Every structure is written in C-alpha cells, then in structure tokens.
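Notes follow once the structure below has been shown.
Residue numbers (the numbering used here): 60 to 343.
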C-alpha cells in the first residue's frame, strides 16, 4: 500500500510539473481557457459571435440563440485535446449562455462549466459576466478538486466601425490546494480593438497579461468575400510568433469553422467548430 501511495504521489507531481512547465515556459498556452477560431485568437473584441470562456460581453450581440460544438487538438497530441459544448439564448432584458469544456484524458483532466449573462446598453456598449466552476482531476487518490471563479468583460463601439474591449478572467485569484501541490488558475487581463475596415474585412488587435507570465500579443484579419465563406489569418506570441490560418462556411443556419496554428517548438494544432443559429424573426 505504501509503495502504491508513493507511485501515485510521483505521478501527481510529474503531471503537475509538466502542466506547470507548459504554462510557464510558453505564455501563449492556457489549458483552462479553450482556444477560439478567431484569427490569432484575438477574441476580446470579436463581435460576430459569442465565444464561450472568452469575452462574455460578446454574448450581448446574439440576436436569437445558438448551440455550438468545438474540438481542439493541440499539437496533434490526444492528451491535449479540448472538447466544448455551449448554447445561448436572447431575451428582452438579458442574453443567457451556458458552456462546458473538457481538457485532458483519464489520468489528468480539467473541466470548466460556466453560466454567462450579458446585455447591451444603448447601441454602443455591452457588458457581460460569466460565473465559472473549475474542476481538476489529479489522480484516483486526489480525485476531483474544484473552485469557483469569474470572467467579466465589456465592449464599446467608439465610432461606427471601431471597438475597444476589455476582459478579465479569474480577477478573484482563485486557486486549488492539494496535499502535493497548489494550482493557481491563470489571472488574465485582455485589452483589444476591432477595426471594421469594410463590411467584409475585420482587423483585430489584442494584448493579454497573465499576472505570472510575459505579455502576449495577437492580431489577425477576417475576410468575408461572400456570405457563405470566411477566411482568416493571424499571428500571436510572447517569446516568438505563432501563425494561424482558418476558414469558415455558412449554410442554412449552420456554420463550420476550421482553424490551424503552427508552433515552432511544439508543432501543429487544429480546431474545428460547428455552430447552429436558430432561425427566427425575433429581434431584441
């Protein structure tokens, strides 16, 4: 029994060290918050759709309701997969969203569950708040440990084609303590802009600061040559640049997105998302 306990302890410490290495050595990696299909992952000012666990203020722009499935395979490694399911609904006074993500595999995994509320104030300002419950599975002996946190955000249309946005993930500095290690959830402050160059071209710029990591920057362009097709390209980084490239297709309320990125030290990542927007004449 003592030997088994020692082996479990070693496993927990090894896994903890591995994921702490990823988050400290490469500031652009955050396993807790799922990636998005936005170019360069510059999502804080994105207004064309609500992206779960990113800026909750974007939920205010949803006109009816939608459901979304997303799967992210980081560095073509099955242990670094993230699956996400979400849904949202628009009401007269506030828009409501719910989302769930799962990262990892049987030995080590993280889950994030959220309930999001957002609304617009006039036609130039939106505010959102997201209540999150985070759980992590370290080992059969430790089982699941969990904690509550939050995500707040705002988006402001400064002029007709220019937005400034801000979001704060885990501003309450939540953490999880176990017998073997302490796991602090990332505290991330994001500031970004959206410049709608034309009706077909959006340019996004963003900076992120995780309190224990270097500054991260991101930028990207999304181009819609016609209604049914989208292409985007971007880049983000901290110590070095990571390029991203993606495409999207619209048909009969469905939207499919495929996004890729290439990390020079860790390899290729691929993300796919399928979204269905309910067809309705409802308007806010």
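Positions of the beta carbon are idealized from the N, C-alpha and C atoms, including for glycine.
Because the structure is a prediction, the values reported are computed rather than measured.
Whether residue i touches residue j by CB criterion (8 Å)
i: residue 252; j: residue 162; result: no
i: residue 213; j: residue 191; result: no
i: residue 307; j: residue 338; result: no
i: residue 275; j: residue 297; result: yes
i: residue 326; j: residue 317; result: no
i: residue 183; j: residue 216; result: yes
i: residue 310; j: residue 287; result: yes
Of the listed residues the options, nearest to residue i (C-alpha basis)
i: residue 95; options: 320, 199, 136 and 324; result: 320
i: residue 231; options: 208, 215 and 240; result: 208
i: residue 159; options: 276, 113 and 202; result: 113
i: residue 185; options: 105, 167, 242 and 135; result: 105
i: residue 133; options: 156, 297 and 142; result: 142
i: residue 249; options: 267, 304, 284 and 243; result: 267
i: residue 278; options: 304, 272, 271 and 286; result: 304
i: residue 107; options: 326, 330, 263 and 152; result: 263
i: residue 315; options: 218, 241, 193 and 336; result: 336
i: residue 300; options: 234, 310, 324 and 199; result: 324
i: residue 173; options: 280, 326, 270 and 92; result: 92
i: residue 284; options: 259, 265 and 273; result: 259
i: residue 202; options: 216, 239 and 182; result: 239
Own chain residues within Cβ distance below 6 Å of residue i, not counting five before or after
i: residue 255; result: 220 and 261
i: residue 164; result: 138
i: residue 128; result: 144 and 333
i: residue 211; result: 188 and 227
i: residue 229; result: 208, 244 and 246
i: residue 233; result: 206, 208 and 244
i: residue 140; result: 132
i: residue 269; result: 245 and 247
i: residue 289; result: 283 and 307
i: residue 86; result: Note on residue 86: pLDDT 44, under 50, position unreliable in the model; no value is reported.
Residue i Cβ short of 7 Å to the ligand NAP heavy atom set
i: residue 259; result: Within the structure as shown, the ligand NAP is missing, as the structure has no ligands at all.
Bridge-paired residues (DSSP) for residue i
i: residue 324; result: Note: residue 324 sits in no beta bridge, so no partner.
i: residue 280; result: 262 and 292
i: residue 234; result: 243
Other residues of its chain near residue i: CB distance less than 7 Å, five sequence neighbours each side excluded
i: residue 147; result: 109, 118, 121, 124, 125, 154, 155 and 156
Same chain, Cβ closer than 8 Å to residue i, neighbours up to 5 away in sequence not counted
i: residue 205; result: 192, 193, 194, 195 and 235
i: residue 116; result: 177, 185, 186, 187, 212, 213, 214, 224 and 226
Does the count of Cβ pairs from the region 175-193 and the region 103-123 closer than 8 Å reach three?
Yes, since at least three Cβ pairs between the region 175-193 and the region 103-123 fall closer than 8 Å, the two stretches touch.
How do the region 100-115 and the region 284-297 stand: do at least 3 beta-carbon pairs fall below 8 Å, yes or no?
A contact exists between the region 100-115 and the region 284-297.
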